[in-house]
Amino acid sequence: MDDQNKNLILATALSFLVILAWFLLFPPEQATPVDPAAVTASQSAPDIAAAPPVPATGQIAAATPETAPPAPDADAPRLVIDTPRLTGSISLLGGRIDQLALKDYKETLDPDSGIVELLSPVGSERPYYALYGWAPAGNLGYDDVPGANTVWTVESGSTLGVGAPVSLVWDNGAGLTFHRTISVDENYLFSISQSVENATGATVRLAPYGIVARHGQPEGSRFYILHEGVVRQTDRELEEIKYKKMPDMAFVDREGANAEVTQVEENGWIGFTDKYWMTTLIPAPGQPFTSVAKYVAGPEIYQVESRLPLLSVDPGATGGAETMLFAGAKEWETISHYQKDDGIFRFIDSIDWGWFFFFTKPIFGLLHWLNGAFSGMGIPGSMGWSIICLTLIIKAIVLPLAYKSYTSMAKMKELQPEMEKLKERAGGDRQKLQQEMMVLYKKEKVNPAAGCLPLFVQIPIFFSLYKVIFVTIELRHAPWIGWIRDLSAPDPSSILNLFGLLPYAPPEPGSLFAILSLGVLPILLGISMWLQQKLNPAPTDQTQAMVFAWMPWIFMFMLGGFASGLVLYWIANNTITFIQQYAIMRSHGYHPDVFGNIKSSVGKKAKPGKK
4 MDDQNKNLIL ATALSFLVIL AWFLLFPPEQ ATPVDPAAVT ASQSAPDIAA APPVPATGQI
64 AAATPETAPP APDADAPRLV IDTPRLTGSI SLLGGRIDQL ALKDYKETLD PDSGIVELLS
124 PVGSERPYYA LYGWAPAGNL GYDDVPGANT VWTVESGSTL GVGAPVSLVW DNGAGLTFHR
184 TISVDENYLF SISQSVENAT GATVRLAPYG IVARHGQPEG SRFYILHEGV VRQTDRELEE
244 IKYKKMPDMA FVDREGANAE VTQVEENGWI GFTDKYWMTT LIPAPGQPFT SVAKYVAGPE
304 IYQVESRLPL LSVDPGATGG AETMLFAGAK EWETISHYQK DDGIFRFIDS IDWGWFFFFT
364 KPIFGLLHWL NGAFSGMGIP GSMGWSIICL TLIIKAIVLP LAYKSYTSMA KMKELQPEME
424 KLKERAGGDR QKLQQEMMVL YKKEKVNPAA GCLPLFVQIP IFFSLYKVIF VTIELRHAPW
484 IGWIRDLSAP DPSSILNLFG LLPYAPPEPG SLFAILSLGV LPILLGISMW LQQKLNPAPT
544 DQTQAMVFAW MPWIFMFMLG GFASGLVLYW IANNTITFIQ QYAIMRSHGY HPDVFGNIKS
604 SVGKKAKPGK K
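Per my numbering, the very first residue in the sequence shown carries number 4; after that it's consecutive.
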């Protein structure tokens, strides 16, 4: 077998091993079942777990949020939230932002599917909400400040909308009047202004805080490749804590809650992130605060807090703080806007870009731009065409490397007669053959390993694009053509029902026959890999020829369950690679006999490549 075929087999085998390793290292993590009894218990257990004591460092508050449990608020008065992209309500019990749904996103592709519900109140199946309050210090007690169960009064506004804030007020009856104003922009960013008027005869000390609490883990699969759980940005770095790791957090407070406490001196934020959605507490840029992640066992409550510095409010004076809350979809353009225009430090990193972030970020940026360009031209299925166009651009960027590789492969073909002579002279002496071949390669300036070079570049690009398609919401439910209605999901067609011609549904994912239920795109992927092989004759060694022949079809089955967008990229990449390699080989005088090699693979005599 010549060295070119060895290189091709090595490249294909390496690709196979990489994909296999991906399956072994990053299998879908099984969803953790939620005990209904625990959910029921969480509705009556303390929601605001006792926070761990925080050392007073500079201006950072040593006071902690109230420990009283939030009461179910089925009968509490509410204020409506209504914007072009959000719908929901605010409970006047605690002033909680606890009903929120995203108008632009449906749960499934079913036309009758409901929209995505992000936040839900105490008393619902899975409470998830944001609330704000004040932690007392000095001579103040928790009864003197508003907390989770404080009943607020509407001061102004009846519906929270874009350009229409609402204001709440609460008087503690002892000389302190608290105000809270909530506004929202056209996307997903709430602004919360908290203030206190001191009409007492003494200076009071207290600290504002924000909390996002979640009862139980969210439904859905867990993936090792995807981070879901706490995400927080400090002055120095981005930190992530998966839900399953929160019970193991090192600090245990006096109430038994596991916690991690971080002091942020200038810029940061903390919240919960899911695959596509996020709820994040954001102090004003430049504001120091204490960032807390907490887990309460038993009721299984996950909680994040932002505790602002203590305020000293003199008699007759007013003190307050401005914070923000992001609650919505992790859209690249929206989050990037908040980072650039609102000064939210490194907010774009709330999207899980993965290990190859230096590839993933620019790849998605280019893909997003292409999608906008195609959409602007009114082209349907713009994201699918953007993936194909992205493939063309990537192949153009790596063309110099590919040209060198394919040129080396073409020269190897030219050296075949000389190599055959070397084999005859060497007889069975393999060491002598190898030495003379190295002399020939050096003389002709040929690198026999050059054929593998494009593959080593392709692997991180492939994984980066996999990450982009898997985690970015812009690919979610993005259609392309015909039956491809979601590029983030596998091809829904199936060869088992002749791609919809037979009146049978394809096997359910995870069933025994699902692996055989290949769609159109995976089949095209296998064919494109098979045709790429046919640029060269099959190896003369029968075992190696058999491995070589089966490799495209093994890949076809392995990648059949991948997202359609990724399979589309691989098909486009294989097609462009075939054209490039064919053209470069012809430019060096070697005419690949593709049809002859195909005939040879089915037992017919092939014509040799022509010079």
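Quick reminder that beta carbons are idealized off the backbone N, C-alpha and C, glycines included. These numbers come from a predicted model, not from an experiment.
Looking at the backbone, the Cα of Glu268 and that of Ser309 are separated by about 12 Å.
Cα atoms of Leu395 and Asp432: separation of roughly 46 Å, rounded to the nearest angstrom. In the displayed model, Asp147 falls within a helix according to three-state DSSP.
Taking Ile347 as reference, the option from Pro286, Leu103, Phe459 with the minimal CA-CA separation is Pro286. In the same chain as Phe502, and ignoring 5 residues on each side of it, the C-beta atoms closer than 7 Å to its own belong to Ser496, Val523, in chain order. If you ignore the 5 residues before and after Glu243, its C-beta comes within less than 6 Å of the C-beta of His230, Val234, all in its own chain and listed in chain order. In this structure, Leu121 is the residue among Pro168, Met252, Ser161, Leu121 with its C-alpha nearest to the C-alpha of Ala216.
The alpha-carbon separation between Thr162 and Ile84 amounts to approximately 6 Å.
With respect to Thr326, Ile195 sits close: the two C-beta atoms are nearer than 8 Å. DSSP links Gly563 through a beta bridge to no other residue. Between the beta-carbon of Ile579 and that of Lys407 there is about 17 Å, and that puts the pair past the 8 Å contact cut. Distance from the CA atom of Ile366 to the CA atom of Leu468, rounded to whole angstroms, is 7 Å.
Contact fails between the segment 293-301 and the segment 167-184, because fewer than three Cβ pairs, one in each stretch, are under 8 Å apart. DSSP, read as helix, strand or coil, puts Trp173 in strand. In the three-state reduction of the DSSP assignment, Arg81 falls in the strand class, which pools E and B. Residue Tyr135 holds the alpha-carbon nearest to the alpha-carbon of Ile100 among Pro149, Ser339, Tyr135, Gly529.
Counting only runs that start and end inside the segment 352-433, there is no beta strand (DSSP E) element of at least 3 residues. Where Leu527 is concerned, the enclosing alpha helix (DSSP H) starts and stops at 523-536. Here DSSP, grouped into helix, strand and coil, assigns His591 to coil. By the CB criterion at 8 Å, Phe350 and Val307 fall outside the cutoff. Per DSSP, the unbroken beta strand (DSSP E) holding Ser159 starts and ends at 156-159. In this structure Asn374 is buried. Its beta-carbon is surrounded by 16 or more other beta-carbon atoms within 10 angstroms.
Within the DSSP secondary-structure output, Thr283 pairs in a beta bridge with Gly274, Phe329. Beta-bridge analysis with DSSP links Gly136 to Tyr212. Judged by DSSP in its simplified three-state form, Thr578 adopts helix. With a minimum length of 3 residues, the unbroken runs of beta strand (DSSP E) contained wholly in the segment 303-348 fall at 304-310, 314-316, 321-332. Nearest to Phe551 by alpha-carbon distance, out of Tyr572, Gly529, Phe565, Gly568, is Gly529.
By the criterion of at least three beta-carbon pairs nearer than 8 Å, the segment 175-191 is not in contact with the segment 108-116.
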